[in-house]
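Participant: Take this structure first; my questions come after.
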Amino acid sequence: MSGLTDLTLAEARDAVAAKKVSSSELTEAFLKAMEAARSLNAFITETPERAFEMAAASDKRIAAGNARPLEGLPLAIKDLYCTKGVRTTAGSKILHNYVPQYESTVSQNLWDNGAVMLGKANLDEFAMGSSNETSYFGPCISPWRAKGSDAKLVPGGSSGGSACAVSANLCLGATATDTGGSIRTPAAVTGTTGIKPTYGRCSRWGIVAFASSLDQAGPISHTVRDCAIMLKAMASVDPKDSTSVDLPVPDYEAGLEAGVKGLRIGIPKEYRVEGTSPEIDAIWNKGADWLKAQGAEIVEVSLPHTKYALPTYYIVAPAEASSNLARYDGVRYGHRAEGIEDLIDLYQKSRAEGFGSEVRRRILIGTYVLSAGYYDAYYLRAQKLRSLIARDFTEAFKQCDMLLTPATPGPAFAIGEKISDPVTMYLYDVFTVTVNLAGLPSLVLPAGLTESGLPLGLQFIGKAFDEATLLRAGRALEVAAQFTAKPQPWWRAP
Amino acid sequence: MSVDKDTVRRIARLARLKLEEDRVEPMVQELNGILAWVEQLKEVDVEGVPPMTSVVKQRLKMREDVVTEPDNADALMANAPGGEDHFFVVPKVVE
Amino acid sequence: MSTEAKNKLIQGSTGPWEVVVGLEVHCQVLSKAKLFSGASTVFGADPNSQVSFVDAAMPGMLPVINRYCVEQAVRTGLGLKAKINLFSVFDRKNYFYPDLPAGYQISQYKNPIVGEGEVLIDLPGGEVARVGIERLHLEQDAGKSLHDQHPDHSFVDLNRSGIALMEIVTKPDLRSSEEAAAFLKKLRAIVRYLGTCDGNMDEGSMRADVNVSVRKPGAPLNTRCEIKNMNSVRFIVQAIEFEARRQVDVLESGGTIHQQTLLFDAKNGETRPMRSKEEAHDYRYFPDPDLLPLELEQAWVDGIASSLPELPDEKKNHFMEMGLSSYDALVLVAEKEAADYFEAMLKEGAEPKAAANWLNNEYFGRLNKVGLAIGDGPVSAAANSAIVQMISANVISGKTAKDVLDIVWSEGGDPRSLVESRGLKQVTDTGAIEEAVDKVIAANPDKVAAAKAKPSLVGWFVGQVMKATGGKANPVSVNAIVKERLGIPEEG
Ligand SMILES: [Mg+2]
Ligand SMILES: [Zn+2]
Numbered sequence: 020m021s022g023l024t025d026l027t028l029a030e031a032r033d034a035v036a037a038k039k040v041s042s043s044e045l046t047e048a049f050l051k052a053m054e055a056a057r058s059l060n061a062f063i064t065e066t067p068e069r070a071f072e073m074a075a076a077s078d079k080r081i082a083a084g085n086a087r088p089l090e091g092l093p094l095a096i097k098d099l100y101c102t103k104g105v106r107t108t109a110g111s112k113i114l115h116n117y118v119p120q121y122e123s124t125v126s127q128n129l130w131d132n133g134a135v136m137l138g139k140a141n142l143d144e145f146a147m148g149s150s151n152e153t154s155y156f157g158p159c160i161s162p163w164r165a166k167g168s169d170a171k172l173v174p175g176g177s178s179g180g181s182a183c184a185v186s187a188n189l190c191l192g193a194t195a196t197d198t199g200g201s202i203r204t205p206a207a208v209t210g211t212t213g214i215k216p217t218y219g220r221c222s223r224w225g226i227v228a229f230a231s232s233l234d235q236a237g238p239i240s241h242t243v244r245d246c247a248i249m250l251k252a253m254a255s256v257d258p259k260d261s262t263s264v265d266l267p268v269p270d271y272e273a274g275l276e277a278g279v280k281g282l283r284i285g286i287p288k289e290y291r292v293e294g295t296s297p298e299i300d301a302i303w304n305k306g307a308d309w310l311k312a313q314g315a316e317i318v319e320v321s322l323p324h325t326k327y328a329l330p331t332y333y334i335v336a337p338a339e340a341s342s343n344l345a346r347y348d349g350v351r352y353g354h355r356a357e358g359i360e361d362l363i364d365l366y367q368k369s370r371a372e373g374f375g376s377e378v379r380r381r382i383l384i385g386t387y388v389l390s391a392g393y394y395d396a397y398y399l400r401a402q403k404l405r406s407l408i409a410r411d412f413t414e415a416f417k418q419c420d421m422l423l424t425p426a427t428p429g430p431a432f433a434i435g436e437k438i439s440d441p442v443t444m445y446l447y448d449v450f451t452v453t454v455n456l457a458g459l460p461s462l463v464l465p466a467g468l469t470e471s472g473l474p475l476g477l478q479f480i481g482k483a484f485d486e487a488t489l490l491r492a493g494r495a496l497e498v499a500a501q502f503t504a505k506p507q508p509w510w511r512a513p
Numbered sequence: 012m013s014v015d016k017d018t019v020r021r022i023a024r025l026a027r028l029k030l031e032e033d034r035v036e037p038m039v040q041e042l043n044g045i046l047a048w049v050e051q052l053k054e055v056d057v058e059g060v061p062p063m064t065s066v067v068k069q070r071l072k073m074r075e076d077v078v079t080e081p082d083n084a085d086a087l088m089a090n091a092p093g094g095e096d097h098f099f100v101v102p103k104v105v106e
Numbered sequence: 146m147s148t149e150a151k152n153k154l155i156q157g158s159t160g161p162w163e164v165v166v167g168l169e170v171h172c173q174v175l176s177k178a179k180l181f182s183g184a185s186t187v188f189g190a191d192p193n194s195q196v197s198f199v200d201a202a203m204p205g206m207l208p209v210i211n212r213y214c215v216e217q218a219v220r221t222g223l224g225l226k227a228k229i230n231l232f233s234v235f236d237r238k239n240y241f242y243p244d245l246p247a248g249y250q251i252s253q254y255k256n257p258i259v260g261e262g263e264v265l266i267d268l269p270g271g272e273v274a275r276v277g278i279e280r281l282h283l284e285q286d287a288g289k290s291l292h293d294q295h296p297d298h299s300f301v302d303l304n305r306s307g308i309a310l311m312e313i314v315t316k317p318d319l320r321s322s323e324e325a326a327a328f329l330k331k332l333r334a335i336v337r338y339l340g341t342c343d344g345n346m347d348e349g350s351m352r353a354d355v356n357v358s359v360r361k362p363g364a365p366l367n368t369r370c371e372i373k374n375m376n377s378v379r380f381i382v383q384a385i386e387f388e389a390r391r392q393v394d395v396l397e398s399g400g401t402i403h404q405q406t407l408l409f410d411a412k413n414g415e416t417r418p419m420r421s422k423e424e425a426h427d428y429r430y431f432p433d434p435d436l437l438p439l440e441l442e443q444a445w446v447d448g449i450a451s452s453l454p455e456l457p458d459e460k461k462n463h464f465m466e467m468g469l470s471s472y473d474a475l476v477l478v479a480e481k482e483a484a485d486y487f488e489a490m491l492k493e494g495a496e497p498k499a500a501a502n503w504l505n506n507e508y509f510g511r512l513n514k515v516g517l518a519i520g521d522g523p524v525s526a527a528a529n530s531a532i533v534q535m536i537s538a539n540v541i542s543g544k545t546a547k548d549v550l551d552i553v554w555s556e557g558g559d560p561r562s563l564v565e566s567r568g569l570k571q572v573t574d575t576g577a578i579e580e581a582v583d584k585v586i587a588a589n590p591d592k593v594a595a596a597k598a599k600p601s602l603v604g605w606f607v608g609q610v611m612k613a614t615g616g617k618a619n620p621v622s623v624n625a626i627v628k629e630r631l632g633i634p635e636e637g
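Chains as they are written, first to last, in our numbering: chain A, 20 to 513; chain B, 12 to 106; chain C, 146 to 637.
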């Protein structure tokens, strides 16, 4: 039945609707694929029982003619989304035993649309990382390998498990979250497609917070169309999230094939940064040419504060995180240290044992930049820079409808290669992080392979709440790029 | 700006993260590496620039004054380490 | 410096000292649901039974603000004659404590919803002092830790966690424990008139942090100490007095005052440093990224302003315009229930001055004696109004009125029909009174002679006539007739 797991979400949807395959059959195929791919460590928790239950319920609905938009379609859920009755860890020891008694709005939206949950996907601890190496449950391994090498590569992060599961055909699509590039970086390096919607488009309620003003949920999937389908189901106006925006969610799939004719696409000159591989530059130029060939107008634009985005991000995000993660104190849930002397000891030991080194480092940085005497120099200044960065985009969008940029400075790297130096690792988010600071939507899709056979992605950045145009342009690029490469299934036991 | 060992100890205490003494110096190095890198923000003249308060242009949402939550004590305590009779339990605090 | 102010000075060995007090009062907002969640605020529920996942800071939970709590804060601000800020911001105040689930309290730091205002307080001797309000901000209440239930554990109940508080901060304008007490009573009255807080200090819905320092009169402000979390006016008075004396003693023996956080030990009547606050705090305030700034419309604020009830100061003026003395008016407005009761009596037809006299001299006294609150008293405003009206219309005498009150108090019933059925009506029929007077005169020829020489003996005749008529004769008529019969001229 391996053919079933090769389907895109849209193809599976149509096959299920046409009763060519049942949800239970699909679900079984994916559960088997997951089992065979355990060496990739894409999932922290597999939920086969729940999956079969949901699939059976879907098959009943299909039989009764009550199918919903995602009826019976098996998905992976990033383990940052709280799922009622199913352990939710955020990739951290401090939540290794946490079972939420509530369901996140976005995952609930998916279930209400008929989707089936396969399991909880691996991620960097509290979504802090670009390589999925900081997970307490061990790194997720990319299904991709460079030509002639069996070195284990990272799937990107923090939604590494989600990207890996899509790339290795372990699910039809996966939920992800993006605080500084956590949807787009893994999508780019695994040959998958991901969209970070405008801040406020998807509810944050029930998703473990990393940096509240930057976090945004979105899908990783096989194609632009699949992203459009999933985003429509995930997004909603949520009265439980004060920052969820009161705008109707359009039918993103409807206008997908409208092409890019007449669209003005900006190339921000500041994104030609040192240290970017020449192959990235080449694919970027190629992307622009493809769009031009389809009738888009290419214009050079300037985003003068681009180089300050990363350091700004590495003040704002840890500051918010240091506060967001204060609730993990061993009192009401989660890991509690043994053999404690007093309350302070309970806090200090539970937290030191429960958080990994990257999370601890960010909590300390965040605590420092907010502390008395440093707030103005760091946090306040960073928030002012955010205003300047957002203003850059506003100016640029006077000259164009969207931007085209690289997604990452290079292809996937080997596990262990960058983990020792935080700043080097942080630089991996150089192209993605600006968007979070400005709250804008951004789509990443595969555009080609490196010489060594690894996927490279391109990124579109759109105006706020203009995901529809973004997806439409993405579809045009997808058609032109004809990216069909898939990783060889080396992970399957012979 | 850079941090020293005392600052790192003080921050760790504020953040309630136990930092073993042999980890203090390495942490000083790591934090200073990051702080040196963010130092470049000083180049930008931010005089008169308003700090970002929210990336979305929207009014603060409000709820009506209605009780919507049932007695949830069992669900609330479901994950509690050392919970007792619907109380969370911590080592004795002396005020 | 007025004599009143001079009396408040503390005498030390180096001369007089002035006490400087500022208050931070936390008033729980009267609302059904919490500030950022839909959990109930009802007092006294089972432990952790009124806690939403938001209040317990479960992962991924987000705050959404209660519009009514915002409205109550604005209403209170208007009642404090304060500036309403149309733009305010919610910040996170970060610290670790078991009754603070998120590790931060959502509060307002740089941009509070209400700015400067003022409260007038009434001091003994009729003096009125103005107390500046620095600000009012909205914030979440913390849960409760119980420390006495177990030898090595504290138990945490989060029912209170997340209830809306208005923190009202005064300027350091108070100069004695009495002024602090007067301010708290006045503030309590104001929020109760407004209906924004029940002012119930026993249940902790009103609590104060008290900042105390001392200085030589006219000298600049000295270092202050903060006495935390007091919910009794009596203890606040004791604590200020103890603390001021302690500081004077420290300073006079050559020591210095260190800014510190204190607890008041009611058992020993002392303040002592708070162990859990010994560590220097660094709250790392920053705007809560889960919430947008709070922006209000002036028209909305104006709407609240136009629906504001009459507050104690205005009501006092209003009552004085009706002819009440300043003292009577003050007593009546001090408690909202008293003013309401009084106004209900007027609505039933009583004349203001008579009603005020009757309440302050008769009814409230009886309530006090048995420790009943106005709302719990056995006699309705309508009944008291009827009694007062019968006195004014000479239907019953003042003495009979007290008897009628006694009867209604213990047996209930309508005062008018009672007076009717028990024959308590005052005799105003001149013929009947003349008859009674003549009888007394005829029976006491010796007294008649004496009275003619010494007119003050008229009173004795009046007394006899009253006795003979069972107290029902109108004493004014009796007096006039006695004088007429004895040939004693009316004076004046
Ligand atoms: Mg305070
Ligand atoms: Zn407060």
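We treat Cβ as the ideally placed atom computed from N, Cα and C, and that holds for glycine. Source: prediction; values computed, not measured.
At which residues does the beta strand (DSSP E) containing W163 (chain A) begin and terminate?
Facilitator: Neither: W163 (chain A) is in no beta strand (DSSP E) and is coded neither H nor E.
Participant: Return the CA-CA distance between S21 (chain A) and F49 (chain A), expressed in angstroms with no decimal places.
Facilitator: Here S21 (chain A) scores only 48 on pLDDT, less than 50, and its place in the model is too uncertain to base an answer on.
Participant: Using the C-alpha atoms, what's the distance from E496 (chain C) back to Q534 (chain C)?
Facilitator: Their backbone Cα atoms lie some 7 Å apart in a straight line.
Participant: Determine the DSSP secondary structure at Y100 (chain A), reduced to helix, strand or coil.
Facilitator: Of the three classes helix, strand and coil, the one that applies to Y100 (chain A) here is strand, per DSSP.
Participant: For V314 (chain C), is the beta carbon positioned less than 7 Å from some heavy atom of ligand 3?
Facilitator: By its list of ligands, the structure shown excludes ligand 3, since it contains just ligand 1 and ligand 2.
Participant: Secondary structure at A140 (chain A), three-state DSSP: helix, strand or coil?
Facilitator: Strand, per DSSP.
Participant: Cα separation between G637 (chain C) and A596 (chain C)?
Facilitator: At G637 (chain C) the pLDDT is 41, less than 50, meaning the model places this residue with poor confidence and gives no usable figure here.
Participant: Measure the C-alpha to C-alpha separation of T341 (chain C) and G307 (chain C) and round it to an integer number of angstroms.
Facilitator: One C-alpha to the other measures close to 17 Å.
Participant: Could you work out which residue in A:R57, A:R80, A:R491, A:L45 is closest to Y271 (chain A) when comparing CA atoms only?
Facilitator: Residue A:R491 is the option with its Cα nearest to Y271 (chain A).
Participant: State the beta-bridge partners of P102 (chain B) as determined by DSSP.
Facilitator: Answer is C:H298.
Participant: Have a look at A254 (chain A) and T368 (chain C) and give me their C-alpha separation to the nearest angstrom.
Facilitator: About 55 Å.
Participant: In this structure, what does DSSP give as the bridge partners for E284 (chain C)?
Facilitator: Paired residue(s): C:L310.
Participant: Please say whether W48 (chain B) and P330 (chain A) have beta carbons closer to each other than 8 Å?
Facilitator: It is a contact, given that the beta carbons lie within the stated cut-off.
Participant: How big is the Cα-Cα spacing for D85 (chain B) and T108 (chain A)?
Facilitator: Computed Cα separation, rounded: 21 Å.
Participant: So which residues of chain B does I210 (chain C) contact, with C-beta pairs closer than 8 Å?
Facilitator: Those are L71, K72, M73, R74, listed as they occur along chain B.
Participant: Output, in chain order, the set of chain B residues within a Cβ distance shorter than 7 Å of Q402 (chain A).
Facilitator: Per Cβ cutoff of 7 Å: P62, M63.
Participant: Measuring CB to CB, does V582 (chain C) end up less than 8 Å from V515 (chain C)?
Facilitator: No; because the gap between Cβ atoms is not below 8 Å, this pair is not in contact.
Participant: May I ask you to report which of helix, strand or coil DSSP gives I626 (chain C)?
Facilitator: Of the three classes helix, strand and coil, the one that applies to I626 (chain C) here is helix, per DSSP.
Participant: How far does the beta strand (DSSP E) with Q173 (chain C) in it extend, from its first residue to its last?
Facilitator: Counting along the chain, the beta strand (DSSP E) containing Q173 (chain C) begins and ends at 160-173.
Participant: Would you say the segment 464-477 of chain A touches the segment 303-320 of chain A, given that touching needs at least three Cβ pairs under 8 Å?
Facilitator: Because the criterion of three Cβ pairs below 8 Å is met, the segment 464-477 of chain A and the segment 303-320 of chain A touch.
Participant: What does DSSP give as the partner residue(s) for A618 (chain C) in the beta ladder?
Facilitator: DSSP lists C:V572 as partners of A618 (chain C).
Participant: Please list, in chain order, the chain B residues whose beta carbon lies closer than 7 Å to that of V350 (chain A).
Facilitator: Chain B residues near V350 (chain A): F99, V101.
Participant: Once DSSP output is grouped into helix, strand and coil, what is the label at E348 (chain C)?
Facilitator: E348 (chain C) falls in the coil class under three-state DSSP.
Participant: Taking C-beta to C-beta, are L245 (chain C) and A327 (chain C) nearer than 8 Å?
Facilitator: Going by C-beta atoms, L245 (chain C) is not nearer than 8 Å to A327 (chain C).
Participant: Which ranges does the beta strand (DSSP E) cover as unbroken runs of at least 3 residues, wholly within the segment 380-411 of chain C, from first to last along the chain?
Facilitator: The segment 380-411 of chain C contains these whole beta strand (DSSP E) runs: 406-410.
Participant: Taking H324 (chain A) as the reference, which of A:V292, A:R346, A:V318 has the closest Cα?
Facilitator: Answer by Cα proximity: A:V292.
Participant: Just the chain C side, please: which residues come within less than 8 Å of A1 (chain A) by C-beta, in chain order?
Facilitator: Because chain A spans 20 through 513 in this model, residue 1 (chain A) falls outside it and cannot be assessed.
Participant: Could you give the distance in angstroms between the alpha-carbon of R21 (chain B) and the alpha-carbon of E54 (chain B)?
Facilitator: Each residue's alpha carbon lies about 29 Å from the other.
Participant: Is the separation between the beta-carbon of Q262 (chain C) and that of K226 (chain C) shorter than 8 Å?
Facilitator: As written in the sequence, residue 262 (chain C) is Gly, which differs from the Gln given in the question. In contact: G262 (chain C) and K226 (chain C) (Cβ atoms closer than 8 Å).
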